[in-house]
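**Student:**
Protein chains: 2
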Amino acid sequence: MNPIQIFGIPKLAELTAGDDLPRLLLDGISRIGIQLQERDILVVTSKAISKVEGRVIDIRGIIPSRFAREIAPLIQKDPRVTELILAESKRIVRMVRGLVITETRHGFICANAGLDQSNIAKNLAVLLPLDPDKSARRIRESIRKKTGVNLAVVVSDTFGRPWREGQTDIAIGVAGLAPLLDYRGKKDRFDNELRVTVIAVADEITSAAELVMGKTKNIPAALIRGIDYASSNAGAHKLVRSPRRDLFR
Amino acid sequence: MNPIQIFGIPKLAELTAGDDLPRLLLDGISRIGIQLQERDILVVTSKAISKVEGRVIDIRGIIPSRFAREIAPLIQKDPRVTELILAESKRIVRMVRGLVITETRHGFICANAGLDQSNIAKNLAVLLPLDPDKSARRIRESIRKKTGVNLAVVVSDTFGRPWREGQTDIAIGVAGLAPLLDYRGKKDRFDNELRVTVIAVADEITSAAELVMGKTKNIPAALIRGIDYASSNAGAHKLVRSPRRDLFR
Chain W
1 MNPIQIFGIP KLAELTAGDD LPRLLLDGIS RIGIQLQERD ILVVTSKAIS KVEGRVIDIR
61 GIIPSRFARE IAPLIQKDPR VTELILAESK RIVRMVRGLV ITETRHGFIC ANAGLDQSNI
121 AKNLAVLLPL DPDKSARRIR ESIRKKTGVN LAVVVSDTFG RPWREGQTDI AIGVAGLAPL
181 LDYRGKKDRF DNELRVTVIA VADEITSAAE LVMGKTKNIP AALIRGIDYA SSNAGAHKLV
241 RSPRRDLFR
Chain Z
1 MNPIQIFGIP KLAELTAGDD LPRLLLDGIS RIGIQLQERD ILVVTSKAIS KVEGRVIDIR
61 GIIPSRFARE IAPLIQKDPR VTELILAESK RIVRMVRGLV ITETRHGFIC ANAGLDQSNI
121 AKNLAVLLPL DPDKSARRIR ESIRKKTGVN LAVVVSDTFG RPWREGQTDI AIGVAGLAPL
181 LDYRGKKDRF DNELRVTVIA VADEITSAAE LVMGKTKNIP AALIRGIDYA SSNAGAHKLV
241 RSPRRDLFR
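These protein sequences, in sequence, are chains W and Z. Per the working numbering, residue 1 is the first one in the first sequence, and the count goes up by one each step. Per the working numbering, residue 1 is the first one in the second sequence, and the count goes up by one each step.
(1) Give the interface partners of K186(W) over in chain Z, defined as CB-CB distance under 9 Å, in chain order.
(2) For I29(W), does the three-state DSSP call read helix, strand or coil?
(3) Could you check if D191(W) is buried or exposed, using at least 16 other CB atoms within 10 Å of its CB as the buried criterion?
(4) DSSP on L181(Z), reduced to helix/strand/coil?
(5) What are the boundary residues of the alpha helix (DSSP H) that includes L223(Z)?
(6) In the DSSP output, which residue or residues are listed as bridge partners for M95(W)?
(7) Does the CB of G166(Z) have a neighbour CB from chain W at under 7 Å?
(8) Tell me which residues share the same chain as S50(Z) and place their Cβ nearer than 7 Å to its Cβ, disregarding the 5 neighbours each side in the sequence.
(9) Is the beta carbon of I59(Z) less than 7 Å from the beta carbon of N123(Z)?
(10) Compare the C-beta of T7(Z) against all C-beta atoms of chain W and say whether one is closer than 7 Å.
(11) Inspect the CB distances between the region 147 to 166 of chain W and the region 203 to 211 of chain W and report whether three or more fall short of 8 Å.
(12) Who does S89(Z) pair with in a DSSP beta bridge?
(13) Just to confirm, does Q5(Z) get its C-beta within under 6 Å of one of the non-hydrogen atoms of the ligand ZN?
(14) If the criterion is Cβ atoms closer than 7 Å, does the pair V201(Z) and D182(Z) meet it?
(15) When the Cβ atoms of the region 156 to 176 of chain W are set against those of the region 232 to 241 of chain Z, are three or more pairs found closer than 8 Å?
(16) With 7 Å set as the bound, which would you pick, yes or no: does the beta-carbon of D203(W) sit closer than that to a beta-carbon of chain Z?
(17) With distances taken Cα to Cα, identify the nearest neighbour of A221(W) among L115(W), A136(W), G235(W).
(18) What whole-angstrom Cβ distance do C110(W) and I101(W) have, given they're in contact under 8 Å?
(19) Residues in the same chain with beta-carbon distance under 6 Å from S142(W), minus the five sequence neighbours each way, listed in chain order, please.
(20) Helix, strand or coil for G8(W)? Go by DSSP, reduced to three states.
(21) Just to make sure I have the definition right: I need the residues of chain Z whose C-beta is within less than 8 Å of the C-beta of S207(W). Which are they?
(22) Taking the Cβ atom as the reference point for each residue, do I170(Z) and D116(Z) lie within a distance shorter than 7 Å?
(23) T158(W) lies in the beta strand (DSSP E); which residues open and close that run?
(24) Name the chain W residues that come within less than 7 Å of R241(Z), Cβ to Cβ?
(25) Cα separation between F67(Z) and V81(Z)?
(26) Between which two residues does the beta strand (DSSP E) containing L239(W) stretch?
(27) Compare the beta carbon distance of G54(W) and A17(W) with 7 Å and say whether it is the shorter of the two.
(28) Taking only three categories from DSSP, how would you classify D78(Z)?
(29) Among the candidates A48(Z), S46(Z), A87(Z), K146(Z), whose CA atom is the shortest distance from the CA of S65(Z)?
(30) Less than 6 Å between C-beta atoms, sequence neighbours within five positions excluded: which residues of the same chain meet that for G303(Z)?
(31) Tell me which residue opens and which closes the beta strand (DSSP E) that A202(Z) is part of.
(32) Give the residues of chain B in contact with Q35(Z), contact being defined as C-beta atoms less than 7 Å apart.
(33) Please say whether S89(W) and A113(W) have beta carbons closer to each other than 7 Å?
(34) Which residue's Cα is closest to the Cα of G148(W): N2(W), I9(W), G28(W), R39(W)?
(35) Excluding the five sequence neighbours on either side, which residues of its own chain have a C-beta within less than 6 Å of the C-beta of A230(W), listed in chain order?
Put into structure tokens, the structure is as follows:
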């Protein structure tokens, strides 16, 4: 059995709105001497996508609402940044000193609505892509056109989670692979139903990719080879648990 | 930069109490033609460890308490299995039709206190290892003695999580690597504080390993090569968020 391999794809230049990200990623892939193969998986950080999609805001142009000004001291953020977080959110899930966790318009639950002010010039804030599944599909399609190779694309972001220390990378956009691997109804060799029913493969893939990307290494993408995934048109929104099924809302 | 590589280690025989698991894992590693290297990471499923540590119970010998008999119909489990789950737990976190989530004696929050009745003969249930950090240290030490190689060992289990569909593998035991990578106080190249503060590297490692292990492939361990981790004696209990810091208890 061949091992799974994970290659870090270096960023060759600062990304800005309108850049041809698939082209830049392909350049990065050739730079490390890799030949794309069918069924490779390309993991791209949401930040790289947001930058080329123009989801970068100069906070100096934001006028905070009264509510944003009221809660800004509690969450210990600039009122203009607070305004942006609220605008990106459907609801506030938890708000305590120095921290706000919201449900984004996509349905993701994370700190600061995913807004990010690191690895970008001062006064700028990066928002999550508007539709990360669509971003993933667009990259996949563009690479297919440029190279003839069918790969899967996963958009990653770094989220915290309840009960455990530390953050991990999870999938917020997926194209070309089934984000969930369903074992329901399958039997083991002792004829027992399996305890584990559904594996969030896409989240395991982004976590694996984070191990080569890190946060200070200027590696916005990873190429993963050797995973036997199921092809699918389902997106990462399948990973968002519906309120009806969620015990922890 | 070399890629990260993940090799599945096949199980060569059924595991039973008292087996020399490190020896069997080394046999599995030679079977796939790999030579152990310094700083490799060995990920082992908790189930393999529980089996050799005798954490397997015949449920026919269990006498359920009155409380276990009362809640068994709600969580839709055998009253004897319910009794076992309660005995493994510090408290019940959520209990709804067909599902019980508890905090284990170790502090992990998961379904059924981690109890597992799959991939084992009927009437048997596998409990989590009593002290998975100790199990990890023991395997690491034994392999060092047998081979002279220093590797890190991570014990994995498959847990669900709030808000997202699907389960992922997380680290319940760690020896030889720092489970958390701390970026606090570090600056990016624009002199911003990093948004991401602490990465749960050990959980990303187990998620990566799950991608080669699967649930029906008889692969209880994985060897990961090429991760630049920090050596540490801290265990996986560092990944358990203290109640004081947890917004979602």
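Ideal placement from N, C-alpha and C gives every residue a C-beta, glycine not left out. Treat the numbers as computed from the prediction; the structure is a model and nothing was measured.
**Tutor:** The answer reads as follows:
(1) K215, T216
(2) helix
(3) exposed
(4) strand
(5) First-last for L223(Z): 221 to 225, but that is the beta strand (DSSP E), not the alpha helix (DSSP H).
(6) V100(W)
(7) yes
(8) V56, V126, L127, L128, P129
(9) yes
(10) What sits at residue 7(Z) in the sequence shown is Phe, not Thr. Yes, F7(Z) lies at the interface with chain W (some Cβ there is under 7 Å from its Cβ).
(11) yes
(12) T104(Z)
(13) Summarising the ligand content, the structure contains no ligands, and the ligand ZN is consequently not present.
(14) no
(15) yes
(16) yes
(17) A136(W)
(18) 7 Å
(19) P22
(20) strand
(21) T168, D203, E204, S207, A208
(22) no
(23) 152 to 159
(24) W163, R164, E165
(25) 12 Å
(26) Where L239(W) is concerned, there is no enclosing beta strand (DSSP E), given that its DSSP letter is neither H nor E.
(27) yes
(28) coil
(29) A87(Z)
(30) Here chain Z has residues from 1 to 249 only, and residue 303(Z) is not among them.
(31) Per DSSP, A202(Z) belongs to no beta strand (DSSP E); it is in the alpha helix (DSSP H), 201 to 213.
(32) This model lacks chain B altogether, as its protein chains are W and Z.
(33) yes
(34) R39(W)
(35) A178
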